[in-house]
Structure formats: structure tokens, C-alpha cells
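Residue numbers (this note's numbering), protein chains in the order written: chain E, 1 to 135; chain B, 1 to 135. Where a beta carbon is used, it is the ideal one built from N, C-alpha and C, also for glycine.
Number of protein chains: 2
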Amino acid sequence: MRLNTKSRYAVMALADMASFKANKPISLRDISLRQSISLMYLEQIFLKLKKHNIVQSVRGSSGGYILSKNPNNLKLSEIFLALDENVKTIGCDKDSKKGCNGRSSKCITHNLWDELDLHINAFFENKKLEDLIRN
Amino acid sequence: MRLNTKSRYAVMALADMASFKANKPISLRDISLRQSISLMYLEQIFLKLKKHNIVQSVRGSSGGYILSKNPNNLKLSEIFLALDENVKTIGCDKDSKKGCNGRSSKCITHNLWDELDLHINAFFENKKLEDLIRN
DNA sequence: TATATACCCGACTAAAATAGTCAAGTTTAG
DNA sequence: CTAAACTTGACTATTTTAGTCGGGTATATA
Chain E
1 MRLNTKSRYA VMALADMASF KANKPISLRD ISLRQSISLM YLEQIFLKLK KHNIVQSVRG
61 SSGGYILSKN PNNLKLSEIF LALDENVKTI GCDKDSKKGC NGRSSKCITH NLWDELDLHI
121 NAFFENKKLE DLIRN
Chain B
1 MRLNTKSRYA VMALADMASF KANKPISLRD ISLRQSISLM YLEQIFLKLK KHNIVQSVRG
61 SSGGYILSKN PNNLKLSEIF LALDENVKTI GCDKDSKKGC NGRSSKCITH NLWDELDLHI
121 NAFFENKKLE DLIRN
């Protein structure tokens with residue numbers, strides 16, 4: 001798998017929004033300042049979050065973003081999915097039916113990576129955004 | 001975290017050795033052919049495995065490698081450790097006391113990555129090489 | 001003893017991924 | 001009307017990955 005800064009910052013930014021509980025839209029500029037994340041990078045991240053309907057945008061002056069869901073109802077797995085990061089371990093090509101590593105059948109470790117994926121995805125399936133800010 | 005081909009190939013190669021159960025040392029050339037892994041790359045991998053005493057080498061003609069332990073006693077976590085891959089999620093700098101992301105205190109998602117590490121490490125702690133070949 | 005086989009090991013490199021930046025917008029509150 | 005804030009695609013430097021290369025050393029066996 002591959003957890004990069006995009007995923008990490010996305011979770012940080014959303015946790016920031018959730019803990020802030022503003023009635024107003026929250027601007028990326030504010031999140032940028034509070035969480036020490038580059039504004040331009042946040043824009044890139046929120047574009048994806050918006051496309052996956054995790055946040056909604058309000059344009060114009062005094063605009064910003066608001067969470068589409070209640071934090072106790074937003075699974076972390078949804079966030080990773082939005083960033084094309086749906087926790088895939090490097091390993092065998094899941095799509096091709098052709099087997100692994102140029103071989104004609106499944107490789108000896110194939111099932112292992114499948115299990116690992118399940119294990120990790122289960123972790124993120126069971127974590128809600130709310131869990132991060134309760135503490 | 002970061003699972004790369006080195007870790008993956010290491011597990012494949014060791015599983016190959018375990019399933020072969022030769023009394024003779026097994027040459028990298030044989031493993032290379034059976035598992036479709038470059039010989040030169042295997043050499044690099046086995047160097048590390050040897051340093052961590054996961055395998056032992058027999059030099060010279062008709063030499064090769066033998067497993068140092070019984071496969072039912074070799075945890076996958078040991079293999080990853082040998083390859084400097086002791087499952088670290090990208091995230092906050094664990095060593096520095098200085099907090100995360102240039103901030104003076106722990107970031108809002110700090111505990112999350114700690115938990116994830118534990119979750120993944122537990123998976124590899126509980127898996128033995130034997131588990132891969134029984135099936 | 002010759003020699004082929006196989007381990008040993010550091011240095012190097014091409015390709016891919018990451019972590020952003022930049023530029024040029026559009027929308028809308030005040 | 002203008003400043004704040006979102007929108008979007010393209011671009012790029014740096015780092016990491018996934019190996020290769022080359023020149024060893026050791027030893028079983030013929």
C-alpha cells in the first residue's frame with residue numbers, strides 16, 4: 001500500500017473542519033494556516049474530496065467548504081477512496097486474470113496480499129472522522 | 001507504509017524454499033527460475049536475509065541457501081524487518097520529539113497512524129512462513 | 001589443481017511516483 | 001466593482017524504487 005501526504009493531509013484537514021464545527025463555510029486559507037499545509041496543495045486535495053461528495057463548496061467571497069456528512073458517519077475509507085488511495089498493497093495485479101509476476105497462475109504469496117488488504121481496509125472501514133476528534 | 005518488491009520477493013523466495021524442503025542448499029539460480037525473479041536482485045535480497053540470520057549460506061559449487069529456522073517458527077514480521085521494511089506508515093516523525101508537520105505538538109491525526117502501524121504489524125506478527133505454503 | 005558454480009558486495013542508473021508549484025481563470029458577497 | 005475564495009490543468013524538482021553492473025571470493029567436484 002501507499003499512504004502519501006495527500007491522504008494524510010486530507011484526513012488532517014477534514015478533522016480540522018470537524019473539530020471546528022463552524023456554521024459558516026470554512027475557507028482553505030484558514031485550514032492552511034491552522035494545519036500548516038500549503039494552500040495550493042489543499043486546493044488540489046479538496047477538488048477530489050468535492051468530486052466524491054465528501055465536502056461541498058461555497059464559492060465567492062466568504063465562501064469555503066462544508067462537510068457533506070456528519071463526522072460520526074464519515075468513514076476514513078471513504079476519504080482514501082476519494083484520493084485514489086483505496087489501500088492497495090503493492091503485489092499482484094488484481095485485475096488481470098493472467099496470474100502474478102508474469103506467471104500463468106497465482107503466485108505463492110497471492111493470498112497473503114489479499115488478506116493484508118482486507119485487514120487494512122477493515123481498519124479504515126471501522127474508523128470514523130468523529131473518532132479522531134474525540135480526544 | 002511501503003511494501004515494495006524487495007519485501008514481496010523476499011517472502012516469495014522464502015516460501016519457495018520452505019515448500020521445496022530440500023536437504024541440499026537451494027541455489028538462488030533455482031529460485032530465480034521458479035519464481036521469475038532476477039538473479040541479481042535475489043542476491044541483493046538474500047544478502048539482507050543472511051545478515052539478519054533468516055537464511056544461512058553455503059558457498060562454492062553446489063552451494064546455496066538454507067532456512068535458519070523452521071517455517072512454522074518464522075514470522076513474516078522478521079522478514080520485513082530484515083529488509084528495513086518494518087511496516088511504517090508515512091506520517092509523523094516517530095523519532096523527533098518535536099511534534100508533527102513542523103508544529104510544536106502532536107498533530108490531530110497522530111494517534112491514528114500509530115494505531116494503524118500496530119494494526120498492520122499485528123498482522124505480520126501473527127503470520128508464519130508455514131501459513132503461506134499450507135494451501 | 002582447474003574450473004565452474006554460487007555466494008558477496010558496493011556503486012550505479014533509468015524510470016516512476018511524490019509532493020508540491022504555477023498560471024490563469026470563475027464566482028459571488030459585500 | 002473588487003477582493004476573497006473556489007476551479008482546473010499543466011508543469012516540475014526531488015525522492016524513491018527497482019533493479020543492473022562489475023568485479024570480486026570461496027569451494028565442491030571432476
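Contact check for Gly64/E against Leu28/E passes: the beta carbons are separated by less than 9 Å.
DSSP lists no beta-bridge partner residue for Leu28/B. Taking a C-beta distance under 9 Å as the contact criterion, Ile66/B and Ile26/B qualify as a contact pair. With respect to Ile120/B, Leu116/E sits close: the two C-beta atoms are nearer than 9 Å.
Going by beta carbons, Leu3/E and Leu76/B fall outside the 9 Å limit.
Counting C-beta atoms within 10 angstroms of its own C-beta, Ala122/B has fewer than 16 neighbours from the protein chains shown and is therefore classed as exposed. Within 10 angstroms of the beta-carbon of Ala10/E lie 16 or more other beta-carbons, which makes it buried. If only uninterrupted beta strand (DSSP E) runs of at least 3 residues are considered, those enclosed by the segment 54-78 of chain E are 55-58 and 64-67.
For the segment 8-33 of chain E, the set of residues with a beta-carbon nearer than 8 Å to any beta-carbon of chain B comprises Arg8, Val11, Met12, Ala15, Asp16 and Ser19, in chain order.
Distance between Asn73/B and Lys50/B, taken at the CA atoms: about 17 Å. In the three-state reduction of the DSSP assignment, Lys128/E falls in the strand class.
About 16 Å separates the Cβ atoms of Ala22/B and Ile108/E, ruling out a contact at the 8 Å cut-off. A distance below 8 Å between beta-carbons, with the five flanking residues on each side excluded, links Lys128/B to the following residues of its chain, in chain order: Pro71, Asn72, Asn73, Leu74, Lys75 and Leu76. When C-beta distances to chain B are compared with 9 Å, the residues of the segment 114-127 of chain E below that value are Glu115, Leu116, His119, Ile120, Ala122, Phe123, Phe124 and Lys127, in chain order. Taking a contact as a CB-CB distance under 8 Å, the pair Ser7/B and Phe124/B does not count as one, their CB atoms being some 10 Å apart.
For Leu112/E, the nearest beta carbon of chain B is closer than 9 Å to its own beta carbon. Here Phe46/B is buried: its Cβ has 16 or more other Cβ atoms, across all protein chains shown, within 10 Å. Shown here for Val55/B: same chain residues with a beta carbon closer than 8 Å to its own, the five before and five after excluded, namely Leu14, Met17, Phe46, Leu49, Tyr65, Ile66, Leu67 and Ser68 in chain order. In the same chain as Phe20/E, and ignoring 5 residues on each side of it, the C-beta atoms closer than 7 Å to its own belong to Ile26, in chain order. Asp131/B and Gln44/E have their C-alpha atoms roughly 43 Å apart.
Chain E has a Cβ within less than 9 Å of the Cβ of Gln35/B.
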